[in-house]
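Residues in the sequence shown are numbered from 15 upward in steps of one, following my numbering. Beta carbons are placed, not taken as given, at the ideal position from N, Cα and C, and that holds for glycine. The structure presented is a predicted model; accordingly, all values stated were derived computationally and were not measured.
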Amino acid sequence: MFRTDPQRPKRTVQYYNPEDVWNYIGGGKRLAIQWSAWLTHTRRDPPTLQELEADLRRQQRVLANAAMIEARDRAEAEERLRIRQGDTHRALEEASARAQGLLEHPAAGLKATPPDSPSLQMDTSTKGLSPASTSQPVEPPAKPRVLPPKFLTPATPRKPKAFSNFKLPVLDAEEAATGQGQSNAAPRANSMPEQEQAQSPASPPPAMPSRPPSETESWTPVARRRGS
């Protein structure tokens, strides 16, 4: 059986009209926050009428301020939209007036060409020339000829390299004479043994002495027992 806490007795609210309870349970009305705090034991004493009236006035003031802010924002948005639409309408009117003026006076648009246009410059330059000079075509300036780079391929012939004889540096007279004598003597000394070898006949190698069959050494494998 459910028992209530003696320190927290059950609190209820009696409506003046008993049928109003359904408006708060299933309808759009709700209890004030002070009554909800007292019913849930988060408030010690029930709210007074003065406190409820002050809270009601506060809620009405907040709602009025919110409505005022919303109205101001709505007016600003409408003003921005009106200005944007006015600018668009003005731009369309100016464009239509300009197009109507061009249709009525088409030559006015041709006279409005800038003075520094290439067509006017060509006209002013050709007015001061004679008919003979204007009839001759003007050749454009010659462009510098640029050769394309050459690429070497395996089939491209190679240019032969130039070889020059190597020359020793010039020495003094004595060093040159001694060096020339030593260079002449060295080939002569080296050429003498070669000439002697060329003149002497080639001698055959000496023959090896033969032995009789009795003196030839022989070797016969002998089997040995394991462990001996």
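Under 9 Å between C-beta atoms of residue i and residue j
i	j	result
Q48	R57	yes
CA-to-CA distance, residue j to residue i, given in whole angstroms
i	j	result
L77	Y38	21 Å
R94	D87	11 Å
A109	I97	18 Å
A146	E153	Here A146 scores only 49 on pLDDT, less than 50, and its place in the model should not be relied on; the value that follows carries that caveat. The straight-line gap from Cα to Cα measures roughly 15 Å.
L106	E92	21 Å
A85	Q73	18 Å
A113	G100	20 Å
L70	L63	10 Å
Y30	W36	13 Å
G40	A89	37 Å
K43	T102	49 Å
E33	M82	36 Å
N79	A68	17 Å
A51	P23	14 Å
Residues near residue i by beta carbon distance below 6 Å, same chain, minus five either side
i	result
L53	R25
Q21	none
Distance between beta carbons of residue j and residue i, contact taken as under 8 Å
i	j	result
P60	A46	About 11 Å; that fails the 8 Å criterion.
Nonlocal neighbours in the same chain, by C-beta distance under 7 Å from residue i, ignoring five residues either side
i	result
H119	none
L66	A46, Q48
Opening and closing residue of the alpha helix (DSSP H) in which residue i lies
i	result
Y38	35-39
D101	63-118
L53	47-53
Residues of its chain near residue i, where Cβ-Cβ distance is below 8 Å and the 5 sequence neighbours each way are ignored
i	result
V27	L45, W49, L53
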